[in-house]
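Residue numbers (UniProt numbering): 1 to 446.
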């Protein structure tokens, strides 16, 4: 049933490593999953205690305990996850259910223990109608080696029941525990008092559940639960934040992601005008020392460090990564507001120490810059975000701010294109910190 392969791989620092793992051999030919977990809910009105989840007690020899689990099983060859879920539910519990309408995310492949094995499954939501004749007298079809006790728990009390069962010596399956904790957190958020934030100079009112804010960072926890006037009155003013940026912050608070508007299309007539502008390259900054020294053309090996530093930038999320979809590489689009949207979110997150949001904005901006085709007529898209960044961030603890690091590294990689621009040179003259950081990276190319 299992292989135990030794996996050779390279870590992010390029160091060769060895990993031992287990590999299940029961996955159906041509299939992408091993099995299914079944979130089966018995429909009951609130007057009868509300919906109940179908759970099982089953002895598991590896941990020498009876485990509290959801129904589950392996997928047969040629069988869909949904068909397998209905079959396993009938075999293990006797219930006949129907597939519930769920979001695509509920059917994503999940890995119970990716540090140990490659076993995967899909969680399938099933509802059970107790008015159906086939659900009146339950007849499970257990295999000879299966000993399963089926019981129901009200979803609203799942968290409390898990704690009680654990205290009695039962082991709680991770899928059951995670579901219980998710329901409990949702209850806490829904029950928390609304907190109002007055945004921008016009003080537009936005409302966020206080529990959500408190979970995002220590400063926000203090804002809603501390001893200041804002906490007691349940309202705070953020005049420095624009409404669009706050709307993205609000979206992140509830979804752990945010979206920005696509770059604006530049009409053909404007593109034609930009392309006809005279282009008079100024001296290359690498060789502009004031003593007439010509720039030495860097060899490919000498350029490698800076470019690889930019390409290999990696921002680790405190929680699960969010798919990054916003990539608009066409040079016929104005990216200035697109880049600024990510930078503004970063500045807001940095001010309130929201690490997950800072990292997400850096990941999105890094991916967008990698796909962006910088050209003479799109230099201002970069200078505007550089200007905003250095006006609204500071280096901390002797280390360069992460947004500054990302943008100055990008500028150093593209200094030949940026340097002839008068707007870029004006920015360098105004910002000594920016000039110093870009020169530092550019010198690595000598």
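C-beta: ideal position from N, C-alpha, C; glycine also.
In the DSSP assignment, the residues bridged to residue 67 are 58 and 171. Under the three-state reduction of DSSP output, residue 122 falls in the strand class.
Scanning 81, 134, 158 and 389 for the CA closest to the CA of residue 52 turns up 158.
As computed with DSSP, residue 396 is found in a beta bridge with 399. Taken through DSSP and simplified to helix, strand or coil, residue 19 comes out as strand. Under the Cβ criterion (8 Å, minimum of three pairs), the segment 385 to 401 counts as touching the segment 424 to 434. One Cα belongs to residue 206, the other to residue 222, and the distance between them is close to 19 Å. In this structure, DSSP gives residue 312 a state outside helix and strand, which the three-state scheme calls coil. Note that the segment 12 to 21 does not touch the segment 73 to 84; fewer than 3 beta-carbon pairs, one per stretch, sit closer than 8 Å. Residue 41 is bridged by DSSP to 53 and 127. For the pair residue 339 and residue 379, the Cα-to-Cα distance works out to about 12 Å.
Taken through DSSP and simplified to helix, strand or coil, residue 261 comes out as coil. The DSSP-derived three-state label of residue 372 is coil. Per DSSP, reduced to three states, the secondary structure at residue 419 is coil, with no helix or strand assignment. Between residue 126 and residue 98, the C-beta spacing is below 9 Å. Bounds of the beta strand (DSSP E) holding residue 209 are 204 to 209. Taking 9 Å as the cut-off, the beta carbon of residue 189 is found no closer than this to the beta carbon of residue 166.
Assignment of residue 75 by DSSP, reduced to helix, strand and coil, places it in the coil class. Collapsing the DSSP output to three states places residue 88 in a helix.
The continuous stretches of beta strand (DSSP E) do not include residue 201, and DSSP gives it neither H nor E. Scanning 346, 90 and 238 for the CA closest to the CA of residue 390 turns up 346.
For residue 134, there is no enclosing beta strand (DSSP E), as DSSP marks it with neither H nor E. Collapsing the DSSP output to three states places residue 9 in a strand.
A direct Cα-Cα distance of roughly 55 Å separates residue 75 from residue 398. A straight-line Cα-Cα distance of about 12 Å links residue 121 and residue 24. Bounds of the beta strand (DSSP E) holding residue 153 are 148 to 154. Annotation: residue 4 is outside any alpha helix (DSSP H) and is labelled neither H nor E by DSSP. Going by C-alpha positions, residue 402 is about 38 Å away from residue 176. In summary, residue 92 is buried, with 16 or more beta-carbon neighbours lying within 10 Å of its beta-carbon over all protein chains present. Counting only residues of its own chain and dropping the five nearest sequence neighbours on each side, residue 344 has a CB closer than 6 Å to the CB of 245. In the three-state reduction of the DSSP assignment, residue 248 falls in the helix class, which pools H, G and I. Residue state for residue 96 is assigned as coil, using DSSP reduced to three classes.
Taking C-beta separations shorter than 6 Å and ignoring five residues to either side along the sequence, the partners of residue 141 in its chain run 91, following chain order. Contact check for residue 313 and residue 406: beta-carbon distance about 6 Å, within the 8 Å limit, so the pair qualifies.
Straight-line spacing of the CA atoms in residue 197 and residue 247 works out to 11 Å. Taking 9 Å as the cut-off, the Cβ atoms of residue 307 and residue 162 do not count as close.
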